[in-house]
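Comments concern the structure below.
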Amino acid sequence: MHRIVFLCVANSSRSQMAEGLARHILGSRARVTSAGSRPTRVNPYAVTAMAEIGIDIGGQRAKSVDDIDHDTVDMVITLCADEVCPVLPGRVRRLHWPIEDPAIDDDGEPPERILERFRLARDRIRSRIESLREELDAVASGPS
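Residue numbers (my numbering): 486 to 629.
Laid out in structure tokens, this is it:
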């Protein structure tokens with residue numbers, strides 16, 4: 486079983502959606518969590534975007550990267566685009582998936598436009614995790 490942590494700054498949107506998607510897509514292939522360097526709270530738009538595809542992340546909570554035991558992690562996936570991603574020390578496989586932060590503050594923007602950004606981020610993350618699943622399955626099955 487792979488032990489994966491998704492990292493971004495606030496652990497409110499991208500990494501939370503990635504955690505929920507990875508649990509759903511990878512199932513028993515991986516133990517998954519997420520964290521941030523400045524955790525806040527799970528963004529309600531992230532909860533809504535995930536609920537639209539049948540995944541409930543409403544019970545997840547924002548966590549600090551400082552609370553992650555790096556000895557229990559095999560793979561770190563950072564999701565920051567323009568901001569500085571947190572670092573988790575240790576000998577792990579590192580992947581970087583630059584996904585624009587859907588939670589940028591745009592005062593006065595209609596809720597539907599904000600939700601559309603979350604859907605776009607969710608779908609990009611889902612595509613990456615599906616590719617990761619295929620890679621993990623290929624490695625698990627060994628050479629043919």
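Note that the Cβ used here is the ideal one computed from N, Cα and C, for glycine as well.
Between the segment 582-597 and the segment 505-513, are three or more C-beta pairs nearer than 8 Å?
no
Minimum C-alpha distance to residue 492 - residue among 486, 508, 524 and 516:
524
Who are the near neighbours of residue 504 in its chain, counting only those whose CB is closer than 8 Å to its CB and skipping five residues on each side?
491, 517, 518, 519, 542 and 545
Helix or strand or just coil, what does DSSP make of residue 579?
strand
Using alpha carbons as the reference points, say which of 623, 522 and 617 lies closest to residue 574.
522
Output the boundary residues of the beta strand (DSSP E) element that contains residue 516.
515-521
Complete beta strand (DSSP E) runs within the segment 486-569 (minimum length 3 residues, chain order):
487-493, 515-521 and 560-563
Under 8 Å: do the segment 549-556 and the segment 594-606 share three or more Cβ pairs, one atom per stretch?
no
Other residues of its chain near residue 528: CB distance less than 6 Å, five sequence neighbours each side excluded
497, 498 and 588
Run through DSSP, which three-state label would residue 588 get?
coil
Using the Cα positions of residue 558 and residue 614, report the straight-line distance between them to the nearest angstrom.
17 Å
Enclosing alpha helix (DSSP H) for residue 573 [first to last residue]:
It is not in any alpha helix (DSSP H) - residue 573 carries neither H nor E in the DSSP assignment.
Do residue 578 and residue 502 count as a contact pair if the criterion is CB distance below 9 Å?
no
By the three-class DSSP mapping on this structure, what secondary structure does residue 615 have?
helix
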